Each structure stands twice: as structure tokens, then as C-alpha cells.
Amino acid sequence: MDKVPLKTILFLLLLPLLSLAQQGIVKGVLTTETDGLPLPGASIVIKGTSKGVQTDFDGNYSITCNVGDVLVVNYVGMAPREIKVTPAMFGVEQRLFVERILVKTIESDAYSKALKSVKKTSFNIPDIENSKHTFNDNGTYNQFQRIKAIAIKPENVNLTYFDPDIYFEVGVNSTLSFQFVKDNNLPELQNKFSQGATQNSELTFLGPETSNVFSYGPNLTILEFDGTNYSFDSNGQLVPLGDGNGKQVYAYNNTLFNTAINTSNNIYFNVETNKWIANIDYITKNSDDIFGRNRSKADDIMLSYKTTKHAEKKLNWNTFIKYGKRNNNQPNINGFTNNLLLNSWVTPTTFSNSQGSILADNTQRSFSPSNYNNPEWLLNNNRNYDANDLLVVSLQNDIEPFDEFKIKSHINFKTTENEQNFGLIANTIGFEDGYLSNKTIKKNTFNGTLVFDYEKQFGDIELKLNSVTNYSHDNLNYTFKESEGFGDFSFSNPAISTTIENQLHKNSVSLKQYLSLSYSKGLEVSFNTDSYLSSIQGNKWFLPTSRLTFELLDVLDIYDFRYITFFVSSASGINEMPLFYANQSHNSLTLSPLESLNYTSNIDLFANESIEFEEKQDYNFGTQIGFSVFNINWNFEANYFNSKTEGSVFPVLENNAFQLQNIADISNKGFEFELEASNYYNELNWNASINFFTNNTEVLKLYNSEERIAIAGFNSVSKNLIVDQPAGILVGSAYARDEQNNIIIDSNGYPMVDAQQQIIGDPTPDFTFGFYNSLEWNNFKFNFTLNYQKGGDVWNGTQNVLNYFGTSQQSADQRRITNYVFNGLTQQGNPNTTIVDFYNPENGIENNRFVRYGFEGVAEDAIEDASFFNLKTIQVSYDFGKDNDSFFRQFEIGFYANNLFTFTKYRGASPQSSLFDTNSGNNLNFFNTPLITEVGFKAQLKI
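So for the sequence shown, the working numbering puts the first residue at 79; every next one is plus one.
Shown next as C-alpha cells:
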């Protein structure tokens, strides 16, 4: 074969440095690979970071990540799986799979990394666990699994073994972390001006008893306390200098946030012989809320047992039972956290929330008792908690009638119960009569799977056949109780109570047939057909998938290249509707931001026979290249994707009620590039990766006659589906403009607001960039991850509201602006020349620059650049267990930090937040939970 010099193609490998990227939310359901059983409590972590989520009791997950991130899926009793995030994964439900394997083969990290760094064409190391060959006399793999440690030296490799026949493994993993909110991750608030407004053409302090809500009063430097008995302040009322007791007024600190302390402890015990493996694994987690008021707890225990593989024993068993219990005592049910932050941040700097939340007459003490709550009142007088219970029982076996043929069967049962409780006492603004709700969601799932596997080599051709038949029965019991009309400080004897119950069940069958033909000259062709039968959503009999892969190095040798692979694929699939629709983004769409104080997320939706499957068609083509330059192993991957989802399901408001409908066709296309580099030399191991990605969505069709479908937000600003626009385009109030896009100015000299809502922003970023670096030297480990996003729009409704109240630093700075002329045309078409003062006491508070546009202001003004730079994580650790004379196989102590440094275009931005913590509410910021920084210590012990 001809040799192609590396220099002739090296420039192609640098192309990813010029590529682009994006951030979004990946969500879906995690299940087992063959039987499709949802896996609750599994961890999904972004590789190289400590950022992650856990699946809920139905296997659902939602994680904010960047294109190019690698999601590491871990579940006790399952083999870990890594999935690289692609732009096509954003905005649609993803079904992830993991394969059951109860005890991980004992293998040193150094050994694994050494194998990965070996040039592919030099030699191949067989996978011992899955190999058909026998590696010891008794035909088991116990000899390999007995390896206690591997020490790689320049001259040799030293193996240390456990004693034969039986061995034990005991491990403890502990984490202590501290979470806090940094000041630059919060909106910038002013501390110079008192509560009050203009009165009789003068700036006047107007206290809580006046029902004034504004902080447009006098400067604190010209006020003092009068020392009188004043129920709203222990220091007395505020009066002009010289009229009081001489005590200088100062700004109160009303911060809600405290340092939260979190602990996590995991202990496991494994026992293995050459015939069976048993395991017990227990995890307990305790965490404070970020306000330092309530503590949450989670406990999981799992028992597992499996037989090992024997040449003489064709039948093997694998079983486990898991129980989990979680209690969150400060959940963001019904936007409680958003409500809390709103009431805190609009509180004037001259009012102290901490002096008490109850007046002598048992009414609420707040800066404006008839309009807004004291955050302490909310924290001390609620009945909020979120409790989850889980039980999973699983039994599987596999049999090998002969080497080429395997039969596997799985039987699983899972039961979950989620109880959500929310309560606020009477005299709470937004829930004046008191409110209590209890939502219970019980689910039972039975799942059975039968798998046939066949592999056969025919000369240069390898044939693989796979057939999977899965049956699932799901049962849902839903109860929602709602009560109103309570006495003071009581949740007893409500005046009104209602109960809603719903029971649903679903039977479904999936059939999967797979065929693969591999030719030794580098060509592999695979075909897959799926069929789905559902008692609710009907049937889809033929969903084909095909993939063609070509390995160039099997026919052409190129210096220093380990592999050059080209692939193209076409895949058809469906997204099945769960019995309970968990995305609550629609609940706020009928409210204005002003009405958010009485927001609840109780418009629950369920699967029904009118909803068809979402059908998805994916096309991909790309390349993967591995090569070596300067003694460094490089891996390059490029991929173009184009997908279309027909019949995307969203809640649609019709006749004043929300209904789930197949409402839109949405396309998703873009490029993804990644470049990885690694070097292993003696005791030094280095690995780094960079990625750039772009992604573009487009709404191709709406199934009704509406011009747009709102999917998240409020009735005055929302994310929408509009034909020929990106999915989730931002629509809201905007300034009136003429045909030449000139802003129209009213007779008072201020811009006019258009009577119709307009497109005001696109949440799609221009690109994102990620960089990961890892270094290991002897027993020392160090790694960090950087993320950068360029562009995209976010609606920062928080800032508009704070400007309206006068508690923002922006309002304090701009209230002094005078003789300003807005650029635009008058209603007569002439250039505007009217001079305005942003806050002239002689003109009244109603003519203030920000107050004149109302509580939420003009949505167009709140559009911010969503660009950010984030040191996502940094980790440092040292493993004392690697010392030759150590009793421990692992004794690793480490430090880590998440979100240690973040730069955004505006204060208070959190790249990971969403409105009311809903799945579709990203890029909508209305008193969202701020970005939380976490620092912690980890200890891992194994003997």
C-alpha cells in the first residue's frame, strides 16, 4: 500500500479550532438497555466535573450542558456509560440506556489509560470479560478479577493478587461540601436611597404604613431615626436630619443566603468467589438549603447477587433489590424560591426583614404589608416538602446453548411514590385566605424482556443478529387535594377543599431487530428495525435505521495514524408519551409577572389516546481520526447532523384549558467538532480536549391556525414556536416602531409601547467552547473544565422589576439623569427633541423613567446577552493507597470546586437556571435561583 505523509493532511486536523458550539438542556428517561426499565436515582454527571443530576423515580432527568460535554451515567449494579452531547439532543426527549453488570472488574486506572494510549495498528488487547476464550484452568475469570493492584514500571509490570477462591472488597466514599452564592452572581442592589417617593414635589420617606412600595425616597445621608415606638422599626421612624434623635440612618442587610453544608457517605461491601458475586451498597446524603433553614436527606440501599460465568455452566443469574427514600424540605414547588427572592430583593434598604415578620396584632410585618411578603414570613410559615420513595426488584438470566448464540431474559418491577406538599398560612400576599395542597403520584411498572443474540464469522465477513422483545405495564395513581380558607396560623378546618383523582394504565410492546455485516477490509453495514405497540398511542410497525462505516486504514496505511473512520447513518425513532407529563412550563403562561405571587403549578396533564408518537428522523455523517504527533496521541471527531421531529408534543391553550397536542414539526441541524490529546510517559499522564459546536433549530410547521404557540413564560413575555423561527424564540412587549424601524416617541418625550407583542430575542447562542484538562503524576491528580458561550438572548425580567421598585443600582444611577432626549421620531414623523428628566420630584412618581412602564417594564429592555465564561470545575487529589507499602488499595483525598469563577454580561445571570425550574424555562430569568458556588473535600477509601 502507498504511504501518505502526515504533513499532507495535518492541516485538516486543526479544523476543529475554527468551529463553533452551544449550550442547552438534555432531558429524557434513563433505562436498562434490553428491558427498558426506568432507573431512578442514577447519577448523570458531566465528565471531568462535579456537576450532575439524579434521575427521578421514573428515570427522568434534565441537565444543562454544552455540546461536546460527555455525560457519565452511573447506577449501582450497572456498567457506567458515557454519552457525548450533540446539538440534536437539545429540546427533545432522549432515552439513555445502561447495561446491567453488578461488580466492576478490578483494574487499575493506569492500566486502562495505558491501553487507550497504545497505537491501534500495533496490537489489540482482547476484552477479557466478553472474550470467548478461556484464560485459566477452571474456565472462570476470577483469576483476572483477583488482581489487587497493577504497578507499571519502565522495565516491567508488577501484579499483586488477592488470595484465591474468595476475596472481599470494602470501600467508603465521603464528601463534605460548602455551597454559597457569590455577590457577583446576584443582582446589584442600591443602598443609598430610602423607601419613599415624591410627595408635594419633594422626595419623601414613606414607610410601610403608607402602602408605598418604591425605594425612590431621599438619600440616607439626609435622614435620621426619631427613636419613637414604631412597629416597623425598632430604631423608630425616618425623619429629616435635625428632626430626630440624631441617630444616623444606615442600610440594612437583608440577604437571605447562608452557607449550606452538605455531606455524602457511601459504604459498600463486595464478596466474590469463582462462582458468585454478592454486593451491598448504602448511600446517605444530607444537605442544607441555601437559606440555612431546612435540611434534606436521601438514603439508598441496594443488595445484589449474580453468578459468574463458567464454561461448564451455561445458565447464569443476576438479581438485585433497591430501596430509596428522599426528603427535600425546601423544594421550589409553585415557584416558592422565586417568590422568596422577589420579596427579598424589592425590600427597601431602610427596612429590616430580620426584625420580625409578625406585628402585635398578628398581621404580617413587611415593607408593604398589603402588597408584598416579608421573606421571613414565608420561610417560617410554610408547609413545603417533597418526599420520594422507591423500590426496584430485578431478576435476569442468560443462557448460551452454544458459543455463537445467547438467550437473555429480564423481569423487573418498580414502584415509586412522590408526595409534594405546599402550604402558606392566611395573610400571605398571593394566598390571603391561606392555601394547602398535597399531590401524590404513585407509579408501578412491570417489565419483561427476551433477548436473542447471534454472532458468526464467515471468512472475512462477521454476521451479528440481535432480537429484543419487551413488554411493559405501567400503572399511575394520581391524587391532588387542595384547600383554602384557613384561620390565622392554622392549616385546620379549611372553608373549601377539593380532590382530583386520576388512574391510568398503559401496556406497551417494543420489537427490535438488528443485523450487522462487517467486512475485514474496513466496511461495516448495519440495519435496525423497531416496532412499537402502545395501548394509548397506537402502533408504529416500521422504524428503520441504517449505518455505514468505513475504516480507511484497513486498506491504506498512513504514517502515524491509528484510525481514520468515516460513517453515515439514517435513523427513525419515536418518543413515547409518559402517563404523567412532568414538564410544568405551561403553568405560568396565563399569568402576568405581577401575578406571580399566586403562581401554582397544578395544571397537571396526562397521556391520552389523542396524542400520537413523536416521530424523529436523524441523519448524520462524519469522521473519526486518531494519530500521533510529537509523542502525543490525538483523537479528532467531526460530525454533521440533521434531524426532524414530527408531531412534537406541547401543552396548548384552547378554550381556557391546556391540552397536550402534537403541535409542531421541528428541525435541528449543525456541526460538532472535538479534538482530544493525551500523553502517557512513565508516571505522568496528561489528557486535554477542546470542543466547538453550532446548532440551529427551526419550526417547520404548526398543526393549528395560530401564528405562535407559547411554551414557557408569562402572558406578556414567553418562549414560542413560530414557523420559520428558531424553537423557543422570545416574544414580548416592545417599543413601537415605524416601517424604517425608528422608535416612535410620545408627546411626553418617552418611547411608546407597541400594542402587539413582538419577537424580541433568540435564545440560541452563536457558539460555545469547552476546554478540559487533566494531569496525573504518580499519586497526584489535577483537572479543570472551562466553558464559554458566545451570544444568545435571555429575558432578564428580574432587572426590570428591580428598576420599577427602585432597589436596583441601575435605578439609583439613572434617577439622576436630566435633560435627556430619546432617539426616535414623534408621532408626526419629526425627530424627537423633547427633553426629559428620568426622575424629577416635580413630575410625580408616575412619570419616573422606570415606573411609567409598569411592574414588568418593557420586555425589550430586559433582553440581555447570554454570553458567559465559567470555570465549571477544578479538582485536586492525592491517592495515598498507591504507595507500595500501603494497606489500602485506594486512599484518595481530594479538593474540588464548582462554579468558582463566572463572568457574565450582566449581574445575577446563571447559565444553568430556568423559570420556576421548569424544563422549558431556560433563558427566562425572573428571580431565578442564582448560580451557586460549591467547594468541597472528598475521601475515597478501598481495602
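In this text, a Cβ means the ideal position worked out from N, Cα and C, and glycines have one as well.
All of these numbers come straight from a predicted model, not from anything done at the bench.
Taking 8 Å as the cut-off, the beta carbon of I807 is found no closer than this to the beta carbon of A742. Separation of N720 and F639 (C-alpha to C-alpha, rounded to the nearest whole angstrom) is 29 Å. Between the C-alpha atoms of E724 and A805 there is a straight-line separation of about 13 Å.
Per the coordinates, the alpha-carbon of I345 lies some 12 Å from the alpha-carbon of A1017.
DSSP, reduced to helix, strand and coil, places E920 within a helical segment of the structure shown. Scanning its chain for C-beta atoms nearer than 8 Å, with the 5 sequence neighbours on each side dropped, one finds around I823 the residues P829, M830, F900, G902, L903, T904, Q905, N910, T912, in chain order. Contact check for L267 against S886 passes: the beta carbons are separated by less than 8 Å.
The Cβ atoms of S550 and T523 sit closer than 8 Å to each other.
When the beta-carbon positions are compared, S767 and E752 come within less than 8 Å of each other. In terms of CA proximity to V470, F398 leads the group F398, S435, N462, N440. Judged by DSSP in its simplified three-state form, A937 adopts helix. The count of Cβ pairs closer than 8 Å, one atom from the stretch 934-945 and one from the stretch 860-873, reaches three, so the stretches are in contact. Of the residues assessed, Q834 falls on the exposed side of the cut-off, its CB having fewer than 16 other CB atoms within 10 angstroms. For the set V248, F691, N881, the Cα lying nearest the Cα of F928 is the one of N881.
Pairing S568 with L437 gives a Cβ-Cβ distance that is not under 8 Å.
The beta carbon of V259 lies closer than 8 Å to those of F335, I368, P1008, L1009, I1010, T1011 in the same chain, with the five residues before and after it left out.
In the DSSP assignment, G748 falls within the unbroken beta strand (DSSP E) covering 735-759.
Contact between Q474 and W455 does not hold, since their C-beta atoms are separated by about 53 Å, which reaches or exceeds 8 Å. According to DSSP, K542 shares a beta bridge with E533, S594.
Between K392 and F246, the alpha-carbon positions lie close to 26 Å from each other. The secondary-structure analysis by DSSP pairs V795 across a beta bridge with G810. The straight-line gap separating the alpha-carbon atoms of G704 and N713 is approximately 4 Å. Contact annotation, R371 with Q408: C-beta distance approximately 7 Å; criterion of less than 8 Å satisfied. Within the model, the alpha-carbon separation for S624 versus D608 is close to 12 Å.
Taken through DSSP and simplified to helix, strand or coil, N1001 comes out as coil.
The bridge partners DSSP lists for S586 are S550, S612.
For S604, the beta-bridge partners assigned by DSSP are S594, R625. Contact between the stretch 657-676 and the stretch 694-709 is not established, with fewer than three Cβ pairs separated by less than 8 Å.
Residues A812 of the same chain have their beta carbon placed closer than 6 Å to that of Q836, with the five preceding and five following residues left out of the count. Annotated three-state conformation of R930 is helix, per DSSP. In terms of Cβ geometry, P453 and N405 do not form a close pair [threshold 8 Å]. Separation of G434 and S312 (C-alpha to C-alpha, rounded to the nearest whole angstrom) is 10 Å. Setting aside the 5 residues that flank it on each side, G616 is surrounded in the same chain by E690, each with a C-beta closer than 7 Å to its C-beta; the list follows chain order. Rounded to the nearest whole angstrom, the CA to CA distance from A937 to N948 is 27 Å. Here S448 is exposed: its Cβ has fewer than 16 other Cβ atoms, across all protein chains shown, within 10 Å.
Membership of S422 in any beta strand (DSSP E) is not indicated; the residue belongs instead to the alpha helix (DSSP H) covering 414-423.
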